Amino acid sequence: MNGAFDFKAGASPLESRANPIIYAALVVAIIVIAVFAVLWLITRYIKKLEENPRWIENEKIRPTKYKDIKKLSKFYTLQRDEISLLWYICKKYKVPNIYYAMKEFTDLDTFFKQAYQDFKIEKNEQKVNRLFLLKFKLEKFYAESVSLSSSTSIGKNTKFTISFQDGHSTKGSLLENTKDYFLVSLPDTFFQQNERPQPLSKVAFSFTSKTGASYIFVTRIIRYQEINGRDYMALAHSNQLMKKTQRTFKRIQLNEKCKFASAKKMQAKNGKITYIPSDKKNDAILTNISGGGCCISSKLPIKDGQYIYTEFDLKGEIYSAIGIIVRTRKDIGTGGYNLHIHFEDIHLETQNKILAKVYNYD
1229 MNGAFDFKAG ASPLESRANP IIYAALVVAI IVIAVFAVLW LITRYIKKLE ENPRWIENEK
1289 IRPTKYKDIK KLSKFYTLQR DEISLLWYIC KKYKVPNIYY AMKEFTDLDT FFKQAYQDFK
1349 IEKNEQKVNR LFLLKFKLEK FYAESVSLSS STSIGKNTKF TISFQDGHST KGSLLENTKD
1409 YFLVSLPDTF FQQNERPQPL SKVAFSFTSK TGASYIFVTR IIRYQEINGR DYMALAHSNQ
1469 LMKKTQRTFK RIQLNEKCKF ASAKKMQAKN GKITYIPSDK KNDAILTNIS GGGCCISSKL
1529 PIKDGQYIYT EFDLKGEIYS AIGIIVRTRK DIGTGGYNLH IHFEDIHLET QNKILAKVYN
1589 YD
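In the working numbering, each residue carries its 1-based index in the sequence shown increased by 1228.
In C-alpha cells:
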C-alpha cells in the first residue's frame, strides 16, 4: 500500500538504526520526558518551600505586591475599583502581604484607619464611603473563613436576640457556656411577666461572632435558674448553627436615646421625591445602627411599611435620616416595640459618621 507513511526503516537492523527519523523521534521523546521531570522537580521544590515555616514568615512580613492583590481578588471577586483602592492603601501604608494579613484582620484594620484619617483631612466623603464598603466586604470574607459549628463556641458576654414562637423577641447576653448548656442574662421585666415561655419550649437564638459573622439556630429552654438573687435562662446546645445572610453594612448594638417622627413621602411633578417629617417628635431608644438602617425601641406599636424620621447623636452632633419600618416586633423583655428601620434617604456624610461610630474610627 502506497501512502505518506509507507516507508521502510531499512533493509537491515543496521540501516534501521541509521534512519534519521528514528533518532529524531527518540530525541523528542527524551526532551518531553526531561521537561516533565524538571517541572515535577520545580513543583515539588515550590511546595516544599511554601511549607517551610521560615519562608512563610518572610512572606508574611514583606510588603504587599500588586500580584498579591490580584491573587486575592480571584478568591474574593473584588471589583476593579475595589482592587484599585486596596492597592492604594497597601502601597501607601506599606501593608504586609495582604494575602496573609487578611487572616489577621485586627492588624489590617490599623492601615484602614490611617487611610480613613487621611481621607477625612481631604474632606473626601466619597473615598471615605468606598473605604468602609471595602472594609466590610473584606471582613465578610474573613468571617466566612472562620465558621462556628456548635453553640459551645459562643464566647462569654456575646450579645444576642432570642425570638419566641409567638413572634415576640428580647435581647440579652451570654453569662456562662458549659459543655452541657449555656446560661443567658435577660431583662428583669422578662422574668417578672406571667406569660414567659415554659421549659422545653423552642426558641430561635441569633448572634454575631467575634469575626463579624451572623448566626442563628433553634434550641430549647432547659430551665430558669436563680443565681445570687437574679434570674437566668439555661438553654440546650445545638450543632445546627446557620449563617445568616450578611447585610450590606456592619452594625453595632447600642442603648442610646434618640427621637423619631412620622414622615410623608412626596413626589413632585418632575419626579423628585422628598420626605416631610412631622413636627411631633417622640422619644425612643436606639438599640442598634448601621450605615443602612437601625432599630429603635418605642412604646408606640407602629405598623410595618410606615415612613419614619429618625434623629440620633453622633459624637455630640445631631444627625438624621429617613427610613421605612420593615418589621415591628414586641419586646417581651421591655414591654415596648422594636422598630426595624431601613434607611431610604440619608446623606453620605451622615452615613459615614454612622460607619465611623460602628468601627470606632473617630
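All residues carry an ideal CB built from backbone N, CA and C; glycine is no exception.
Bear in mind the structure is a predicted one, so any value in this text is a computation, not a measurement.
- According to DSSP, Asn1566 shares a beta bridge with Ser1525 and Arg1557.
- If you ignore the 5 residues before and after Asp1296, its C-beta comes within less than 7 Å of the C-beta of Asn1325, Ile1326 and Tyr1327, all in its own chain and listed in chain order.
- Rounded to the nearest whole angstrom, the CA to CA distance from Phe1369 to Tyr1304 is 7 Å.
- Beta-bridge partners of Gln1342 (DSSP): none assigned.
- Put simply, the backbone Cα of Lys1508 is about 28 Å away from that of Leu1583.
- Annotation for Ala1329: Val1323, Asp1335 and Leu1336 place their beta carbon closer than 7 Å to its own, counting only its chain and skipping 5 residues before and after.
- Looking at the DSSP output, Ala1549 shares a beta bridge with Thr1538.
- Going by C-alpha positions, Asp1559 is about 49 Å away from Lys1319.
- Within the same chain, Cβ atoms closer than 6 Å to the Cβ of Leu1314 are found at Ile1297, the five residues on either side in sequence being excluded.
- Non-local beta-carbon contacts of Phe1445 in its own chain, meaning distances under 7 Å to residues more than five positions away in sequence, involve Ser1379, Phe1433, Ser1466, Gln1468, Leu1469 and Met1470 in chain order.
- Less than 7 Å separates the beta-carbon of Tyr1565 from that of Thr1556.
- If only complete runs of 4 or more residues are kept, the region 1354–1431 shows the alpha helix (DSSP H) at 1416–1420, in order along the chain.
- Around the beta-carbon of Ile1250, fewer than 16 other beta-carbon atoms lie within 10 Å, marking it exposed.
- Judged by pairs of C-beta atoms under 8 Å, the region 1507–1522 touches the region 1531–1546, as three or more such pairs exist.
- Residue pairing of Glu1484 in beta bridges, as defined by DSSP: Leu1514.
- Under the DSSP assignment, Glu1332 falls outside any alpha helix (DSSP H); it carries neither an H nor an E label.
- Proximity to His1575 across Val1586, Ile1569, Leu1567 and Ala1549 peaks at Ala1549, based on C-alpha coordinates.
- Going by beta carbons, Ile1569 and Cys1522 fall inside the 7 Å limit.
- Beta bridge pairing from DSSP links Ser1434 with Thr1389 and Ile1444.
- Contact annotation, Pro1415 with Thr1398: C-beta distance approximately 6 Å; criterion of less than 8 Å satisfied.
- Residue pairing from DSSP places Ala1489 in a beta bridge opposite Tyr1537.
- Among the bridge pairs identified by DSSP, Glu1454 is matched with Asp1459.
- The three-state reading of DSSP puts Ala1262 in helix, counting H, G and I together.
- Leu1567 sits close to Ile1553, with the two beta carbons spaced by under 7 Å.
- Put simply, the backbone Cα of Leu1402 is about 53 Å away from that of Asn1498.
- Ranked by Cα distance from Tyr1587, the options Leu1361, Phe1488 and Pro1529 are led by Leu1361.
- Take the alpha-carbon of Lys1472 and the one of Thr1436: they are about 9 Å apart.
- As the crow flies, the alpha-carbon of Lys1348 is around 50 Å from that of Gln1453.
- Residue range Pro1281 to Ile1289 is occupied by the alpha helix (DSSP H) that includes Pro1281.
- Taking the Cβ atoms as the reference, Lys1438 lies roughly 6 Å from Gly1383, within the contact range of under 8 Å.
- The three-state reading of DSSP puts Asp1573 in strand, counting E and B together.
- For Gln1495, the beta-bridge partners assigned by DSSP are Ile1501.
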